[in-house]
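Undergrad: Take a look at the following structure, please.
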Amino acid sequence: MSWRISRKLELRRLIIIYLLVALFLAFTLPPLVIPFFTSFKTMSDVYALPPKLLPTPFTIESYIYSLKEKNFLDNLYHSAVVATVVTFLTLVFAVSSGYGLARFNFRGRRLLAMSVLLAYLLPAVALLVPFFVIFKNLGLIDTYPAIILAHLVLTVPFAIWFMRGYLTYIPWELEEAAMVDGCSRPGAILRVIFPLLKPAVLAIGFFSFITSWQEFVYALIFTGINTATAPVVIASFVQEAYVDWGGLAASTMIFSAPVAVLFLLFQRYLISGLMGGAVKG
Amino acid sequence: MPITRKSLEPPLYVLPAVLFLLSIMVYPLIYLIDLSLRKARYLKPPMPYIGWENFQAVLTSNEFLNSLYNTFTWTAGSLALTALLGLVAALLFNEKFKGGNFFRVVILLPWIFPYVAAAIMWRFLLTHPFGHFNAWLTGAGFIHGHLGALGSSDTAMIFAVLVNAWKHFPFIMLMLLSGLQGIPQELYDASKVDGASYLQQMRWVVLPMLRPILFVSLLIFIIWSINAFSIVYLLTGGGPGSATEIITLYIYRLSFIGLDFGLASAASIILFAVGLIFSLIYVYRMREVLR
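Top line first, the protein sequences correspond to chains F and Y.
With the numbering used here, letter number 277 in the first sequence gets 845, and the count goes up by one each step, no holes.
With the numbering used here, letter number 165 in the second sequence gets 210, and the count goes up by one each step, no holes.
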């Protein structure tokens, strides 16, 4: 094949590629970028007809309004408390049970592993009613334990499954060696295995934090004035008779920022990590 | 192969998981079954057992059948659109080109953008009359009248599906990308030597190799779509009328607006059963993983 033809083919390939990239960006970005602009608009510009794209004049009044007037900071704090506790507990469950499932052969091991996977796929809404009644009878509605327990239902099964899969790739000779050298098993796990689990811990940590941070339907029912998390409050703004889209765009941006930052920081662990957990095991 | 040892040690490590599953999964499910067999309006005692009455009432109600139908169109529509977008994006980003890695991360943004935020921002863009998308779509003649994209029962489901696809196609893309990277270069080379065009290569080499991972990721996506709540709830609230009321929204309405917890429990069990069919296929698929 002559050099000229292959160059022409390469050019055609690149044109098609960049055209498709442009189409995907045109689909992906507007719902992220336009509200971002909107959050910096003045009240009257938000409702301009026809709609304006750029925030000129530029203002942060929507941010000040949603943080100060709407007490949105309180809700962000509730979300942070819940998500942090959920993340910590999920990791404890994941490491201990994942280790048990990956390292020991005992009766019912397969069944337990499969139940864990099945639990991960359980519809959250199907458990809404029984949880509500149980929490109500225990007087737990609008307390942290209720929403934390509910979120653990969403995070723990996947975390155990993921950690079990990850541990099967770590040779068990490692902790055997440490134990021969006089370590107890928990000591060996802590000193030898745990450092090797860093990518899995990061992936599970991110997954749990994000799942809890953005969870909506349980928070809608199980939280109240004292524990309302950010998603519940943002959603309640939409259902008001008069919707303040400027303030809503600002709150949404504040709420989404931590997720975006965490994702960009740990991106390389997460993509390979979370994918592996979902497909391979 | 994990070690076999006859001691109390192994169960000790798994005990937290067992207790957790029992207390927070099995117990609520038993509770749910019990509740579904009772008359439990407003949860006001006494709540007598009434046999299958709740199930009969749910299964024969038009609202339930409507929600089942909507769940089907929602899931099938989302599946088709998300699979198509995910597949094209995966093939695209599997190519080598300048900026490929950067653009791939940008394309991933909807996937990590919180559900609530995504639904609300789309709702804003589709709001009549000052939402940008609504204005563009009206200008282009796609939307008629003053209801807007989400206000008309003809188009509301289409846009709900679009938002779902927007949110999830990056996930399918990532799954397929990892599958594409597993295809050995020799297969491409061999088909090229045989004179295969790009499309023939897709049809006879790439797609067959991708089938297992495509199947598994679409299965997960089906399960997610059946269980979905927040996107539809925040975008349309099930409306207009009940045009987009999927089964999860129907359960929510029965229980927390209608306050009939018996009926809602029966509907929850039906949702659970539907989800279980797909979950069991998935678990069966994953059984080789558990040596």
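Heads up, the beta-carbon is just placed ideally off N, CA and C, and yes, glycines get one too.
Tell me the residue span of the alpha helix (DSSP H) that contains F/Thr655.
TA: Phe640 to Arg671
Undergrad: Spatial neighbours of Y/Pro229 within its chain, please: CB distance less than 8 Å, with the 5 preceding and 5 following residues excluded, ordered by chain position.
TA: Around Y/Pro229: no qualifying Cβ.
Undergrad: Using only alpha-carbon positions, find the residue among F/Ser647, F/Leu722 and F/Ser630 that is nearest to Y/Ile337.
TA: The structure shown does not extend to residue 337 of chain Y, since chain Y is modelled only from 46 to 336, so the question has no answer here.
Undergrad: Quick one, are the C-beta atoms of Y/Gly224 and Y/Ile258 less than 7 Å apart?
TA: Result yes, Cβ atoms of Y/Gly224 and Y/Ile258 sit closer than 7 Å.
Undergrad: Start and end of the alpha helix (DSSP H) containing F/Thr610?
TA: Segment: none, F/Thr610 is in no alpha helix (DSSP H) and carries neither H nor E.
Undergrad: Do F/Ser607 and F/Met821 count as a contact pair if the criterion is CB distance below 7 Å?
TA: yes
Undergrad: Return the residue from the list F/Leu659, F/Met747 and F/Leu679 that minimises the CA-CA distance to Y/Leu325.
TA: F/Leu679
Undergrad: Return yes when the Cβ of Y/Pro73 is within less than 7 Å of the Cβ of F/Leu685, no when it is not.
TA: no
Undergrad: Which same chain residues end up closer than 7 Å to Y/Leu153 when comparing Cβ atoms and leaving out the 5 residues on each side of it in sequence?
TA: Pro215
Undergrad: Tell me the DSSP secondary structure of F/Arg675 in three-state form.
TA: coil
Undergrad: For F/Tyr688, collect the residues of the same chain with a Cβ closer than 7 Å to its Cβ; drop the 5 residues on either side in sequence, then sort them by chain order.
TA: Pro725, Phe726 and Trp729
Undergrad: Take every Cβ of the stretch 84-102 of chain Y, pair it with every Cβ of the stretch 170-189 of chain Y, and state whether three or more of those distances are shorter than 8 Å.
TA: no
Undergrad: By how many angstroms is the C-alpha of Y/Ser310 removed from the C-alpha of F/Arg675?
TA: 34 Å
Undergrad: Is F/Ala681 closer than 7 Å to F/Phe542 when the C-beta atoms are compared?
TA: Since the first residue shown for chain F is 569 and the last is 849, residue 542 of chain F is missing from the structure and cannot be characterised.
Undergrad: Is F/Ala694 close to chain Y? Criterion is C-beta to C-beta, closer than 7 Å.
TA: So yes, F/Ala694 belongs to the interface.
Undergrad: Label F/Pro619 either buried or exposed according to how many other C-beta atoms from any shown protein chain fall within 10 Å of its C-beta, with 16 as the threshold for buried.
TA: buried
Undergrad: Taking only runs that begin and end inside the stretch 676-735 of chain F, name each unbroken alpha helix (DSSP H) of 4 or more residues, in chain order.
TA: 677-688, 696-705 and 712-735
Undergrad: At least one CB of chain Y closer than 7 Å to the CB of F/Leu587: is that the case?
TA: no
Undergrad: Within 8 Å, do at least three Cβ pairs link the stretch 626-637 of chain F to the stretch 745-765 of chain F?
TA: no
Undergrad: If you draw a straight line from the alpha carbon of F/Leu659 to that of F/Leu770, how long is it in whole angstroms?
TA: Straight-line spacing of the CA atoms in F/Leu659 and F/Leu770 works out to 10 Å.
Undergrad: Please state if the CB of F/Tyr712 and the CB of F/Thr795 are separated by a distance shorter than 7 Å.
TA: Yes. Within cutoff.
Undergrad: Using a cut-off of 8 Å between C-beta atoms, extract the partners of Y/Arg168 located in chain F.
TA: Val806
Undergrad: Determine, for F/Met611, whether the minimum Cβ-Cβ distance to residues of chain Y falls below 7 Å.
TA: no
Undergrad: Should Y/Glu333 go down as buried or exposed, given a rule of 16 or more other Cβ atoms within 10 Å for buried?
TA: exposed
Undergrad: As a quick exercise: from Y/Ile296, Y/Pro285 and Y/Pro56, pick the residue whose alpha carbon is nearest that of F/Asn673.
TA: Taking each of Y/Ile296, Y/Pro285 and Y/Pro56 in turn and checking the Cα distance to F/Asn673, the smallest one comes out for Y/Pro56.
Undergrad: Closer than 6 Å to a non-hydrogen atom of the ligand FMN - does that hold for the CB of Y/Gly122?
TA: What this structure holds is no ligand at all, so the ligand FMN is not there to describe.
Undergrad: Just curious, the alpha helix (DSSP H) that Y/Gly122 is in, first and last residue?
TA: Asn107 to Asn139
Undergrad: Can you tell me the Cα-Cα spacing of Y/Asp239 and Y/Leu232, whole angstroms?
TA: 11 Å
Undergrad: Using a Cβ-Cβ distance cut-off of 7 Å, determine whether Y/Pro58 contacts chain F.
TA: In the sequence as displayed, the identity of residue 58 of chain Y is Tyr instead of Pro. Yes, its Cβ sits closer than 7 Å to a Cβ of chain F.
Undergrad: Can you tell me whether DSSP reads F/Gly849 as helix, strand or coil?
TA: For F/Gly849, the predicted structure reports a pLDDT of 36, less than 50, and the residue's modelled location is therefore unreliable. A value from the coordinates is still provided. In this structure, F/Gly849 counts as coil in the three-state DSSP scheme.
Undergrad: Taking all protein chains shown into account, decide if F/Gly814 is buried (16 or more other Cβ within 10 angstroms of its Cβ) or exposed.
TA: buried
Undergrad: Using a Cβ-Cβ distance under 7 Å, would F/Ala697 count as near chain Y?
TA: Reading off the sequence, residue 697 of chain F comes out as Val, not Ala. At a cut-off of 7 Å between beta-carbon atoms, F/Val697 makes contact with chain Y.
Undergrad: Specify the secondary structure class of Y/Asp305 as computed by DSSP and reduced to three states.
TA: Under the three-state reduction of DSSP, Y/Asp305 is assigned to strand.
Undergrad: Starting from Y/Arg94, follow its DSSP beta bridges and name the residues at the other end.
TA: According to the sequence shown, residue 94 of chain Y is Tyr rather than Arg. Paired residues: Y/Arg83.
Undergrad: Against chain F, does Y/Thr293 count as a neighbour if the rule is that its beta carbon must be under 7 Å from one of theirs?
TA: Yes, contact with chain F.
Undergrad: Chain F beta carbons: is any one of them nearer than 7 Å to that of Y/Val328?
TA: yes
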